[in-house]
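Asks: Chains as they are written, first to last, in numbering that gives the first Met the number 0: chain D, 0 to 328; chain A, 0 to 328; chain S, 0 to 328. We put the beta carbon where it would ideally sit given N, CA and C, even for glycine. I am attaching a structure below and will ask some questions about it afterwards.
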Amino acid sequence: MPVPRHILEVRQFDRSFVLELFERAESMRSLAGPGFSARLQGKLMATLFFEPSTRTRLSFEAAMTRLGGGVISAEYAGATSSAVKGETIEDTARIVAGYADLLVIRHPEAGAAARAAAVVDVPVINAGDGPNEHPTQALLDLYTIWKELGRIDGLRIALVGDLRYGRAARSLAMLLTQTRDTELFLVAPPTARMSQELRLALSGAGVRVTELDDLEGLAPSLDVIYQTRIQRERFTDLADYEAARGRYIIDQSLMRRFNPQGIVLHPLPRVDEIHPSVDDDPRAAYFRQARHGLYLRMALLDWVLGEQPVVVTAYSSGTAAPAGGDSAS
Amino acid sequence: MPVPRHILEVRQFDRSFVLELFERAESMRSLAGPGFSARLQGKLMATLFFEPSTRTRLSFEAAMTRLGGGVISAEYAGATSSAVKGETIEDTARIVAGYADLLVIRHPEAGAAARAAAVVDVPVINAGDGPNEHPTQALLDLYTIWKELGRIDGLRIALVGDLRYGRAARSLAMLLTQTRDTELFLVAPPTARMSQELRLALSGAGVRVTELDDLEGLAPSLDVIYQTRIQRERFTDLADYEAARGRYIIDQSLMRRFNPQGIVLHPLPRVDEIHPSVDDDPRAAYFRQARHGLYLRMALLDWVLGEQPVVVTAYSSGTAAPAGGDSAS
Amino acid sequence: MPVPRHILEVRQFDRSFVLELFERAESMRSLAGPGFSARLQGKLMATLFFEPSTRTRLSFEAAMTRLGGGVISAEYAGATSSAVKGETIEDTARIVAGYADLLVIRHPEAGAAARAAAVVDVPVINAGDGPNEHPTQALLDLYTIWKELGRIDGLRIALVGDLRYGRAARSLAMLLTQTRDTELFLVAPPTARMSQELRLALSGAGVRVTELDDLEGLAPSLDVIYQTRIQRERFTDLADYEAARGRYIIDQSLMRRFNPQGIVLHPLPRVDEIHPSVDDDPRAAYFRQARHGLYLRMALLDWVLGEQPVVVTAYSSGTAAPAGGDSAS
């Protein structure tokens, strides 16, 4: 698969793209020596955040800077700019595409990044479009699994928490359709269960999906626990929210039952759904995700914008990652 | 005319400055090859926006970055900084002038940039001072005309919409005093007509000014339609605002009547005063303005800050631009 | 004293650190020639401001840029990011430490930067933690004294204004414990006097402390007047605030009595506690502080992050600064 022009939704990615991207991320890692790279020198990225996200914005900007590119940034485009005067995302994108070589867009409306991509002649990366998707988050989540466990196939993965409104969990679930022999367990409160539509799509793509309630009983046999925050802002009914949150907490007691070779992930921010006492457990991989994400996004920017070939070290088998150094084991 | 130390108001610019600036902008265009230029390497620009404007801020920051300079940026200086503690613009400017080699200031008060310029020993560029002026917008508007039509003289130009409160239209009108043989048509709702004072100043400077209502009838003979948004925030009376907006809409019907060699400009953002179906018309030049503006601002920064001579390709006659490539024709 | 890993509080600094830092700041000054330095090329600084401060943020970002490093910046992290979703400063710091090589943190809570420093493996600089400390402000204040007066010892210094809530004055007072033969005069309204605890700590460290009311009488014999703003936001009682502010104004009349060789400092922003007519007096050093602060912060970043040795020009005696060029005399 050639590199896509725009990065808009998980559906775009096939297995070969994902695996090559992960290997490119590895080469970014080795490239992060003394000094910034000059691979993207002369390229300018614009980050347009109509909904604030310090973490995601800084991750993209760090990736671009480390590749030698330039950054222009709107941290708060929604409240401060022409948006309040009624400008469409299409107009904003067309104008900023006159300044920059790549747009990274976060927007509260589903489909906003795609609408921007339809009218500009520079690449657009969707950094979260409201309740819809967050494709680079899904990529960095799966990259973290690959990095930490050495493979993306044959895994038992539990998605926990908000599987209805949380776009990170849904985006990752969709990306898992590119893995093989995956058993997916959905552990969600009744008000935040995954939509039937998505469950059927996963099953149709060969992912074995099981909904269940007993995370404790499941823990010993899981490779990955992907915990998510119950997001108050996605609930219209406060009682539903209160019932949903705090139902599945990852604490020391759960960790004692959890597979000693497994990892815990979280798209972050977390509130209290993972107890801080778990942070020092080597299986707590959620802070390592940040650095993995940096390399993944460097690889993505480099691939989308770059003209220089990447020397990818060929690994022996299709899905074997160079586990070790950073891994949780 | 030597380059001015500060860029504060349209009145500063004479014809020779404008024409040399446009030719410098052309050389910036050719310089935008692979890699950023190093012309302003080691120079640091501070953008201080006390009133948000994503578009203008990003345009200046892209220009500086592409010239190899550095940027420090306050996207939201008004609400977040010492301004709320009662600090004057003079004090803020004096302090930031200790960090940076150039200040770009947007401020809600008329004269704010000039007050800053009076107390610092680095160049100051006015990026919009409230209801007053937006001189670099006027320069990029006229540069777009020069680029798209190949000349700045002998043109029939209509300014449409808010000619009383809109600083973009008023700034451009003032800059047109540096052109020759210009016929200017003012098409504004009764509540937003250009002040008599400005009309008299234009006439006094040799611009032939006509106020009229019938944009449709005028369209076939116009070279430039400069459409503007009726800005609600400039109206104190909501009824006046409602009466004014939506009176002169540029749509397919108007475009059918419009001069096939003409161009439509807009300082943007637009709301509904240009119908989106017009966007694909090659005469719709308002999105090309963004890129023209980038080069114009690069030329301005380079001229104000630079020490390296610019090699300007000499064109045969005084006002002939190298029309072609990007033009609408 | 080796360079500290983190810069969190004034207490960390001893006399030898302070003096070497000042000499390093001098070498930064000479290094600020044409072009940015490449000393920190490849290093990335993240500024996380949970409480806005345009001045301090831009100062750090200018320093980093002039040293060739990269910057990722959250101007408004408190209101826009995960913080509103309930994320702790520890979590935010851990994630951003995955992107950047250094964190500069401003936060409304005392101890926030220290809490961040405890969990990350990159250096953290405290850029103000609520009512607590602002250690780099104290360093640049004392550096300004050293630069302007040529020494840090044997000085008569008055701290004026808010000595209870203002962290700048308190931080400087603590740093003065590293100077010798200092006479410190505290001139504060009754509701904003320095805490007894801090006064005792100063006395215990050998600083001769006197509280008094008559700034006019004292002025002729002072070397430094350090004026501060009475900060409304630190007062819970509006009547106390009104009584406190405006009690000690520095105006032309006071300047006529003031030591002709002395200097006036202010951490800025000022409101009306220094009359603008004083600005042109060569003893008004408060705007020169901004540039001194730039070099001081460059030295600090370079020392904390740098691997290249700094060539410090050795001055003859321990505390003699190269007074002259920029000084007020």
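1) Short of 7 Å in beta carbon distance, which residues of its chain neighbour P189 of chain A, apart from the five on each side in sequence? Order them along the chain.
2) Measuring only the C-alpha atoms, how far is A126 of chain S from P134 of chain S?
3) Distance cutoff 8 Å, beta carbons only. Does R330 of chain D sit that close to anything in chain S?
4) Under 8 Å between C-beta atoms, does E19 of chain D make it to chain S?
5) Contact check, L391 of chain A vs A45 of chain D under 8 Å by CB: the rounded distance?
6) With a threshold of 16 other CB atoms inside 10 Å of the CB of G153 of chain S, please say whether the residue is buried or exposed.
7) Report, in whole angstroms, the separation of the C-beta atoms of V223 of chain S and I156 of chain S, which I expect to be a contact under 8 Å.
8) With distances taken between CB atoms, is the gap from A218 of chain S to F257 of chain S smaller than 8 Å?
9) Mind pulling the chain S residues with CB within less than 9 Å of A187 of chain D?
10) What does the alpha-carbon distance come out to for the pair D196 of chain D and G261 of chain A?
11) Mind the definition here: the segment 133-148 of chain S touches the segment 4-21 of chain S only if three or more C-beta pairs lie below 8 Å; say whether that holds.
12) Per the contact definition of three or more C-beta pairs closer than 8 Å, is the segment 199-218 of chain D in contact with the segment 172-187 of chain D?
13) Within 10 Å of its beta-carbon, does D301 of chain A have 16 or more other beta-carbons around it, so buried, or fewer, so exposed?
14) Would you check if the distance between the CB atom of Q251 of chain S and the CB atom of V277 of chain S is smaller than 8 Å?
15) Give me whichever residues DSSP pairs with G69 of chain S in a beta bridge.
16) In chain order, what residues of the same chain have a beta carbon less than 6 Å from the beta carbon of Q288 of chain D, not counting five sequence neighbours either side?
17) So what does DSSP say about I151 of chain S, is it helix, strand or coil?
18) Can you find the residues in the same chain that come closer than 6 Å, C-beta to C-beta, to R231 of chain D, ignoring five residues on each side of it along the sequence?
19) Counting C-beta neighbours from all protein chains within 10 Å, is the total for P259 of chain S 16 or more, i.e. buried, or is it exposed?
20) Can you give me the Cβ contacts of Y285 of chain D inside the same chain, cut-off strictly under 7 Å, excluding the 5 residues immediately before and after it?
21) Taking C-beta to C-beta, are M254 of chain D and D236 of chain D nearer than 8 Å?
22) How would you write the range of the alpha helix (DSSP H) that T91 of chain D sits in, first residue to last?
23) Can you grab the Cα-Cα spacing for the pair V121 of chain S / R65 of chain S, in whole Å?
24) Does the beta-carbon distance from R38 of chain D to G305 of chain D come in below 8 Å?
25) Cα separation between T87 of chain S and H106 of chain S?
26) Which residues in the same chain have their Cβ closer than 6 Å to the Cβ of L174 of chain A, if we skip the five residues on either side of it in sequence?
27) Relative to chain A, which residues along the segment 255-269 of chain S have a C-beta separation below 8 Å, given in chain order?
28) Please check the pair R290 of chain A and A62 of chain A, which I expect to be a contact at CB under 8 Å, by giving their CB distance rounded to whole angstroms.
29) Whole angstroms are fine: how far does the CA of Y75 of chain A sit from the CA of R207 of chain A?
30) Where in the segment 221-258 of chain S do unbroken runs of the beta strand (DSSP E), each at least 3 residues long, occur, reported from the N-terminal end onward?
31) Along the chain, where does the alpha helix (DSSP H) containing G292 of chain A start, and where does it finish?
32) Taking 6 Å as the limit between beta carbons, can you name the residues of its chain near K42 of chain S, skipping five residues before and five after?
33) Anything in the segment 56-74 of chain D with a Cβ closer than 7 Å to a Cβ of chain S? List those residues in chain order, please.
34) So G330 of chain S contacts chain A; which residues on that side make the cut at Cβ distance below 7 Å?
35) Does the distance from the CB of G129 of chain A to the CB of E108 of chain A come in under 8 Å?
36) For a contact meaning CB atoms closer than 7 Å, what does R93 of chain D contact in chain A?
Replies: On the basis of the data shown:
1) none
2) 7 Å
3) Nothing about residue 330 of chain D can be reported from this structure: the residues present for chain D run from 0 to 328 only.
4) no
5) No answer is possible for residue 391 of chain A: the residues shown for chain A start at 0 and end at 328.
6) exposed
7) 4 Å
8) yes
9) Within chain S, no residue comes near A187 of chain D; the closest Cβ sits about 19 Å away, beyond 9 Å.
10) Reading the sequence as shown, one finds Glu at residue 196 of chain D and not Asp. Computed Cα separation, rounded: 52 Å.
11) yes
12) yes
13) buried
14) yes
15) S:L43
16) T143
17) coil
18) Y240
19) exposed
20) V263, L264, H265 and L267
21) no
22) I88 to V95
23) 21 Å
24) yes
25) 12 Å
26) V9, A137 and L141
27) L267, P268 and R269
28) About 11 Å; that fails the 8 Å criterion.
29) 41 Å
30) 223-226
31) R287 to L304
32) G68, D100 and L304
33) L57, S58, E60, A61, T64, R65 and E74
34) Residue 330 of chain S lies beyond the range of chain S shown here (0 to 328); nothing can be said about it.
35) yes
36) F286
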